[in-house]
Every structure is written in structure tokens, then in C-alpha cells.
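**Q** Following this message is one structure expressed as C-alpha cells.
Right under this line is the structure:
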């Protein structure tokens, strides 16, 4: 396995989009891995390496304005889900087609990355062969129980309000890793309140491609009902994986990737790829 650093994977002005390209020795497909909100691409290194060991090339781009990507979101620098799915991911998928050299292309999205991947497919914006979401779901507050529902709804309202005060979400102060774009957070907040995505783009439909939604028991950021809600919209298979590793299940799977990688590999093979 080798890793190539790409200074700017695609043009997404004003952002520079660095990426890492993990190359397996005998790749049979290429996987695009989309990070969660506020999470650097480098966090997923163990997961990408494990995929490469199983015969996947992996493209691991930074989200705009996160990690090594510049500039940061601000009053003058902004984007939303539509730009993420319809431009950022669309162009990454096109670049992936070239790099894959005729092999299948799959998108794997984590949390926010899951939303981006799902919307890209539902908008017919991306040229891919398969879609996997990990610890991602329909974030409607009713997919949480009891106090969890109240906390999620309250966070949505608070974060939305903060974008009007600062021109972005100061994520470094609320546990989201760094500044987050205001339009993205306002749309994210509306999904929490409504459970719907149709305010982002017209003509959304269930993607016409194989899809898998993976979740983890005990994940307070993507509970089973949330994972199943997204799977219903995508007409996807679901897999709830029992974990035997430490840490918050919403993100620790990326550092302990064995079970998740095995699940994806087995599912991908069953699709005939």
C-alpha cells in the first residue's frame, strides 16, 4: 500500500481541497470517503488503510474549510448541502472515475458525509456505482427518545442562532471541531426540525443504485431509528454492528475499522462488484 498526498483534488473556490489517495496493491474498486462535520481527513487513516488492504483504492478528501483545507467559513465564506453534493462531491466523483480506470466507484459517507453522499445520489449529481453510510441517519429530532430528542432539537435551535451572531458556527466552542458554514448549519437545523431534505434541492428521489446504511448500538448521534430513517429514504440495506472496541461508537469505528471494513467488503461483493 502507498499513500499519495494531493494538494488540491478538485476546484471548489474559494477552498483548497487537499486529499490523500491510498493505493492498494491490486485494487478492484475505488472508494471515496467523506468525513463527518468538523472531522479532519487524517482521522480516517486507519480505516482507509484497512480498506486498501482489502483491495480498494481510497480517496480521502478534506471537507471544505476543515483540517488542511483553507479558508475557514466566515461571513464572507459560506456553502450549504447543495454545494457539497452538487459541486464538491460531483467533481470528486468525476475525478475518481478517472483514477479508477474503469473499476467501480463507491462513496462511503460518515455522518455529515452520509448526508452529502445521499443527497448527491438523490439529486442525480454524482456518477457512482454504490453508496455506503456509516453512523449517519435522518436527524429528525423524533428519531431520538426522551431527553435525547429535546437535546437534539435544542442544539439545532442554538446552532442556528449562533450562525446569525457570528456568520458561521464557531464549532471549536461547541464540539464541532472548528468553524462551520452558516448555510450548511441552517439547513442541518431544518432537517432536525422537519426530518426532510426537500428544502435543499428539488426533485429528490431514492437513488437508483445499491446502498447500505451501517449503524452501531449505543451511538447517541445516530441512533437506530435515525439510521433506519435514512435507509428507508435510500431504499438501502441496514447493518447494526456490535462493537468490541472502546470509545464513542459514532466515531471510534474509524480508528478500530475491522468490523466495519469487513461488513462493507462483504456487502460490496454480494452486489456483484
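Residue numbers (our numbering): 511 to 783. For each residue, glycine too, the CB sits at the ideal point set by N, CA and C. The structure displayed is predicted, hence computed values, not measured ones.
1) How far does the alpha helix (DSSP H) with residue 692 in it extend, from its first residue to its last?
2) Residue 567 bridges to which residues according to DSSP?
3) Tell me whether residue 675 is buried or exposed, calling it buried when 16 or more other Cβ atoms sit within 10 Å of its Cβ.
4) At 3 residues or longer, what runs of the beta strand (DSSP E) sit wholly inside the stretch 611-669?
5) So for residue 525, helix, strand or coil by DSSP?
6) Can you tell me whether residue 524 is buried or exposed, with buried defined as 16 or more other CB within 10 angstroms of its CB?
7) Over the uninterrupted alpha helix (DSSP H) stretch that includes residue 770, give me the two end residues.
8) Note down the Cα distance separating residue 736 from residue 744, rounded to an integer number of angstroms.
9) To test your reading of the DSSP string, which unbroken beta strand (DSSP E) runs of 3 or more residues are found completely within the stretch 709-753?
10) Is the number of C-beta pairs between the stretch 554-566 and the stretch 589-609 that are closer than 8 Å three or more?
11) Classify residue 514 as helix, strand or coil using the three-state DSSP reduction.
12) CA-CA distance, residue 750 and residue 766?
13) Please confirm whether residue 572 and residue 603 have their CB atoms less than 7 Å apart.
14) Drop a sphere of 10 angstroms on the beta-carbon of residue 654, count the other beta-carbons inside from all chains shown, and report buried for 16 or more, exposed for fewer.
15) In the structure shown, what three-state DSSP assignment does residue 530 receive?
16) Mind checking whether residue 688 and residue 677 have CB atoms under 7 Å apart?
17) Between the alpha carbons of residue 670 and residue 728, how many angstroms are there, rounded?
18) Taking one C-beta from the stretch 530-540 and one from the stretch 614-628 each time, how about it: are there three or more such pairs within less than 8 Å?
19) If we call anything under 7 Å between Cβ atoms a contact, is residue 724 one with residue 644?
20) Rounded to whole angstroms, what is the Cα-Cα separation between residue 722 and residue 759?
21) Is residue 567 buried or exposed, if buried means 16 or more other CB atoms sit within 10 Å of its CB?
22) Beta-carbon separation of residue 606 and residue 570 under 7 Å?
23) Using CA coordinates, which residue listed in 535, 529, 533, 534 is at the minimum distance from residue 545?
**A** Straight from the coordinates:
1) Where residue 692 is concerned, the enclosing alpha helix (DSSP H) stretches over 692-704.
2) Paired residue(s): 540.
3) Residue 675 sits exposed, since fewer than 16 C-beta atoms from the chains shown fall within 10 Å of its C-beta.
4) 615-620, 640-644, all fully within the stretch 611-669.
5) Of the three classes helix, strand and coil, the one that applies to residue 525 here is strand, per DSSP.
6) Classification for residue 524: exposed.
7) Per DSSP, residue 770 belongs to the alpha helix (DSSP H) from 768-780.
8) Approximately 13 Å between the Cα atoms of the pair.
9) With a minimum length of 3 residues, the continuous beta strand (DSSP E) runs that stay inside the stretch 709-753 are 721-725, 747-750.
10) Because the criterion of three Cβ pairs below 8 Å is not met, the stretch 554-566 and the stretch 589-609 do not touch.
11) It is a strand residue.
12) Their Cα atoms are separated by approximately 16 Å.
13) Not in contact: residue 572 and residue 603 (Cβ atoms no closer than 7 Å).
14) Here residue 654 is buried, its C-beta having at least 16 other C-beta atoms within 10 Å.
15) Three-state DSSP puts residue 530 in a strand.
16) Not in contact: residue 688 and residue 677 (Cβ atoms no closer than 7 Å).
17) Roughly 27 Å between the two C-alpha positions.
18) Output reads yes: the stretch 614-628 touches the stretch 530-540.
19) In this structure, residue 644 lies closer than 7 Å to residue 724 by Cβ.
20) Spanning the two alpha carbons is a distance of roughly 18 Å.
21) That one is buried.
22) Going by C-beta atoms, residue 606 is not nearer than 7 Å to residue 570.
23) The shortest Cα separation from residue 545 among 535, 529, 533, 534 belongs to 529.
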